[in-house]
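Read in order, the letters of the first sequence correspond to residues 2 to 498 in this note's numbering. Every residue, glycine too, gets a C-beta built ideally from N, C-alpha and C.
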Amino acid sequence: MTTRVRFAPSPTGYLHIGSARTALFNYLFAKNTGGKFLIRVEDTDQQRSTEESLASILDGLKWLGFAPDEEIVFQSDNADKHRAIALKLLEEGKAYRDFTPKEDHSSKNIKQEIADKARREGGEKDMRDNEYRDVSNEESDAKAESGEPFAIRLKVAKTGKTSFEDAVYGEQERDYADIEDLVLLRSDGHPLYNLAVVCDDIEMNITHVIRGQDHLTNTHKQILIYEALGKEKPTFAHLPLILAPGGKKLSKRTHGEIVSMTTYRDAGFIADAFRNFLALLGWSAGEEQEIYSLDELVEKFSLDRIHQSNATFNFDANNERRWTDDKAIWMNAEYIRTMKLDELIPLVREEMRNEKLWREEYDDDDKQWFEATIDLIRERFYTLKDFSGQGRAFFSEDFDYDKKAIEKNLKKHEDLRQWLPELAEKFEALEDFSHDAIFETVKEFCEEKGTKVGVVLNGARVVLTGQAVGPSMVAAIEQLGKDKTVMRLKSQVAWNE
RNA sequence: GACCGAUUCGUCUAGGGGUCUAGGACACCGCCCUUUCACGGCGGCAACACGGGUUCAAAUCCCGUAUCGGUUACCA
């Protein structure tokens with residue numbers, strides 16, 4: 002039997018980092034087992050579902066490279082089927098009409114309200130105390146015919162328990178006494194989540210349900226539906242959650258854009274790097290290797306190596322350098338400096354196009370120079386943004402000077418104000434502007450002035466690139482070329498910043 | 001509150017009775033390298049939540065406690 006898994010986002014926000022990880026694990030599992038990876042959009046909550054949200058989620062999935070193997074299913078298209086199934090269950094006596102008027106919740110603190118109510122009721126509450134549970138069919142039919150609105154609830158047996166073997170968490174049991182008679186169909190005829198999920202998973206022939214641990218206890222309710230329907234249940238695999246620092250829930254409301262996938266794409270992350278990082282949040286191959294290509298991840302992935310404890314996604318909103326997880330940033334840098342140059346170039350090209358730094362010559366006459374330059378400067382970069390930011394001076398005269406660099410490497414050595422233009426003259430006289438010649442020139446110049454090479458080189462770095470850090474300065478000068486080097490060394494712009 | 005789950009360095013994690021004076025990665029710190037910097041190399045700091053068992057032996061098994069998380073909707 003081929004495995005079939007689905008990623009089932011509800012389009013009520015952008016693609017959350019935790020959802021992205023769920024999508025990744027589904028994808029890896031499908032490919033590892035030679036199965037199908039499907040996408041089902043759970044848009045039954047009409048109130049909260051939006052087009053933008055859907056577009057953003059699909060965008061994020063596309064960026065990460067998770068293309069579905071079959072057409073995307075929209076859950077709302079199946080509402081009629083879900084309704085029919087609920088009615089069938091009612092007919093069979095496995096569900097009943099509940100004429101209790103709908104309770105209204107003030108929209109803001111629903112979670113809190115429910116928790117408070119549950120606390121008040123304590124463990125005393127009898128889950129089978131619904132007064133309509135055992136009314137006769139005749140009475141129920143009559144009320145329905147008279148037009149009284151009703152919801153349809155599943156009739157959960159009084160004693161017994163459900164159980165299933167979770168592929169991650171192991172044997173799971175829950176007493177019927179702890180499960181309420183869940184609502185299948187709302188009084189307005191709208192099918193609810195647990196029903197819709199089960200029906201669609203059956204319809205789509207899903208063999209493995211891989212989803213967040215927040216669904217673990219609700220799984221028992223779904224099993225009850227599978228049983229009422231007389232259908233075989235799939236294998237369940239629940240994933241540990243991804244938390245914010247301090248072990249709190251990672252949410253848009255409190256943490257903002259940091260939880261959105263598109264933030265990372267827009268911040269210059271490489272999809273492969275981020276996917277690699279995500280894979281290691283809640284799963285590991287049990288070896289010391291940490292950098293994995295997609296193919297390697299697919300090959301090594303298995304459900305039994307998924308962790309059972311939640312992971313913290315580490316970041317500090319008050320620290321610009323630590324705006325997101327250190328390890329994610331490191332991994333991105335690692336990919337930038339070690340990936341194949343011809344895989345990196347297209348990504349840099351796109352970034353430069355967006356920043357209006359791209360020139361057609363880079364793909365033509367200046368191709369060699371461009372590639373050599375990228376190869377040189379990638380060494381210290383963390384994101385794709387750095388190519389248009391810190392690396393800007395290599396492609397444009399319009400670049401910024403880092404204030405700290407000016408203070409530390411330029412203004413602290415007032416002599417450089419004269420020396421740098423003097424050095425420019427020496428360079429100008431150079432016929433052969435090669436690495437060795439440049440270095441010899443600098444060295445002689447420093448001996449003449451009785452200063453350390455570092456002082457001149459660091460000062461030159463600021464004037465030439467606007468930065469305090471970068472690749473080997475001599476190599477950078479060679480790459481920049483004689484004209485630009487001479488011009489910038491003579492310029493007083495940086496001094497006036 | 002009830003039910004469910006988890007708990008190894010600051011973070012991600014290895015480990016599943018002896019090989020653990022607990023390994024790796026990120027971050028941090030130091031040294032070296034580059035006659036220069038946030039590369040690289042080497043090294044350092046740093047953890048088995050707590051208490052009881054079981055056992056010749058427990059980070060690993062069992063029980064309790066604590067803490068954290070999840071669920072408890074006519075949301076998904």
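- In the structure shown, the three-state DSSP call for Trp496 is helix.
- The stretch 412-421 makes no contact with the stretch 429-437: fewer than 3 CB pairs, one atom from each, lie closer than 8 Å.
- When only Cα atoms are considered, Tyr133 and Asp99 end up about 6 Å apart.
- Secondary structure note for Ile40: it is in no alpha helix (DSSP H), and the uninterrupted beta strand (DSSP E) holding it is 37-42.
- Gln173 carries a strand assignment under DSSP once its states are collapsed to helix, strand and coil.
- Approximately 10 Å separates the beta-carbon atoms of Phe396 and Ile378; this is outside 8 Å, ruling out the contact.
- One alpha carbon belongs to Leu490, the other to Ala425, and they sit about 6 Å apart.
- Residue environment: Lys232 is assigned as exposed (fewer than 16 neighbouring CB atoms within 10 Å of its CB, all protein chains considered).
- Each residue's CA atom was taken as its position, placing Leu16 and Lys32 some 22 Å apart.
- Residue pairing by DSSP places Glu166 opposite Glu172 in a beta bridge.
- Counting every other CB atom within 10 Å of its CB across the protein chains shown gives Asp326 a total of 16 or more, marking it as buried.
- Within the same chain, and ignoring the five residues on either side of Thr442 in sequence, the residues whose Cβ sits closer than 8 Å to its Cβ are Leu424, Lys427, Phe428, Leu431.
- Between the stretch 285-305 and the stretch 242-260, the count of Cβ pairs shorter than 8 Å is below three; the stretches do not touch.
- Within the stretch 445-497, the runs of alpha helix (DSSP H) that reach at least 4 residues and sit entirely inside it are, in chain order, 454-466, 474-481, 483-491.
- Counting only runs of at least 3 residues, the stretch 104-134 fully encloses no beta strand (DSSP E) element at all.
- Annotation for Gly36: Thr3, Thr4, Arg5, Val6 place their beta carbon closer than 7 Å to its own, counting only its chain and skipping 5 residues before and after.
- Shown here for Leu342: same chain residues with a beta carbon closer than 8 Å to its own, the five before and five after excluded, namely Glu372, Ile375, Asp376 in chain order.
- Per DSSP, Asp387 is one residue of the alpha helix (DSSP H) stretching across 386-389.
- Closest by C-alpha distance to Arg212, out of Asp46, Ala495, Asp167, Leu251, is Asp167.
- Here Val494 is exposed: its Cβ has fewer than 16 other Cβ atoms, across all protein chains shown, within 10 Å.
- Taken atom to atom, the span from the alpha-carbon of Lys404 to that of Glu356 is near 22 Å.
- For the pair His239 and His216, the CB atoms are nearer than the 8 Å cut-off.
- Looking at the DSSP output, Val74 bridges to Arg41.
- Comparing alpha-carbon positions, the option among Met205, Ala197, Pro150 lying closest to Ser188 turns out to be Pro150.
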